Amino acid sequence: MAMVCAAPKKLFLRSDSPLSWRAMAPFATTWPWIGLGAAGILLILLAAGNGLQTDRSVSRWRDMTWLVWLGVAAYLLHQFEEHGVDLLGEPYAFRGELCATLGFRDAASCPIPFSFITAVNVGSVWGAGLISALLAPRRPLIGLAFFAIPLVNLFAHVGPAVVARHYNPGLLTAVAIFLPLSLWTLFVAARRYGAGLRAILATALAGVVVHAVLMGSLIAYLHSWFGEATLATIQILNACVPAGLMWLATRGVASPPGARLSRLSETA
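End of the sequence shown sits at 440 in our numbering; the numbers just go up one at a time, nothing left out.
In structure tokens form, the structure reads like this:
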């Protein structure tokens with residue numbers, strides 16, 4: 173971590189950026205550690221009681237709200253493997269991997285700003301997680317929408333790993349946590365909350381759109397189509413995509429029995 177914090181200022185923000193170095197640099201390297209601490213707290217709360225569960229009449233593993241909070245904790249752990257310290261002991265390794273993928277072999281001169289990485293992970297992912305977790309008690313399928321991100325992210329890690337035949341930062345948590353948790357949540361959503369083909373497709377589409385927006389906007393930025401502040405703003409707004417697409421896909425669909433039972437349990 174000290175190696176990253178001691179990196180030259182130009183690594184974080186371009187000289188013409190409206191964001192100040194002093195304001196952004198510390199958070200750009202400490203947010204994965206903050207997320208790791210938050211993951212620990214969430215896991216304790218999830219394991220210790222039913223406070224994060226909407227319907228206490230069923231197993232927590234069949235409650236969408238509880239599963240969404242577990243998904244958020246899982247993603248925080250995944251982010252630490254990507255941007256904290258990876259399995260090879262490299263700090264902030266994912267940015268270097270992304271730079272190399274886009275043709276910038278030297279991470280020190282790579283033009284991808286640290287503010288982009290921060291906005292994607294804190295703005296998009298944390299934001300999407302909070303939106304889904306807070307709306308899940310009354311709209312379980314919007315809770316399901318959060319899993320759009322880890323589902324597609326799983327393929328973003330496994331695909332390159334298979335092609336290149338080597339580890340990439342985030343691969344372990346993607347395979348060991350995202351895969352089983354996402355599949356189980358989809359199963360619960362279908363069996364208990366009546367998630368049909370439309371909701372499943374909306375989940376997949378949302379994941380594709382989120383990743384397309386973040387990569388498309390990054391490439392546009394690298395071509396100087398807009399500045400760093402606009403790039404960061406796009407990532408923050410991207411947090412609304414999963415919930416928004418799920419809401420559009422399930423408008424007018426009657427609440428499934430599982431959702432109605434959850435509401436009754438919540439108001440009892």
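Glycine included, each C-beta is placed from N, C-alpha and C at the ideal position.
Bear in mind that the values here come from a model prediction, so they are computed numbers and not experimental data.
8 Å contact criterion, which residue i and residue j should meet: CB distance rounded
i, j, result
"A320", "A378", "4 Å"
"P283", "L394", "6 Å"
"L249", "A219", "Contact flag wrong, Cβ pair sits at about 14 Å."
"A361", "A371", "7 Å"
"A404", "S287", "5 Å"
Cβ pair residue i, residue j closer than 8 Å
i, j, result
"G315", "M387", "no"
"T345", "Y264", "no"
"N222", "E269", "no"
"G301", "Y247", "yes"
"H329", "L306", "no"
"L323", "A376", "yes"
"F252", "P204", "yes"
"A317", "P414", "yes"
"R267", "A280", "no"
"I289", "H255", "yes"
"A245", "L214", "yes"
"G243", "L390", "no"
"V382", "N410", "yes"
"L326", "F350", "yes"
Opening and closing residue of the alpha helix (DSSP H) in which residue i lies
i, result
"S229", "Taken as a continuous stretch (DSSP letters only), S229 belongs to no alpha helix (DSSP H), as it is neither H nor E."
"T237", "236-251"
"T422", "First-last for T422: undefined, no H or E at that position."
DSSP beta-bridge partners of residue i
i, result
"P263", "V257"
- prompt: Quick one: complete alpha helix (DSSP H) runs, 4+ long, within the segment 324-405?
  reply: 351-364, 369-394
message: Could you tell me which whole alpha helix (DSSP H) segments of length 4 or greater appear in the segment 257-319?
response: 265-273, 286-290, 299-307, 312-317
- request: Tell me the start and end of each unbroken alpha helix (DSSP H) in the segment 201-228 that is at least 4 residues and wholly inside, in chain order.
  value: none
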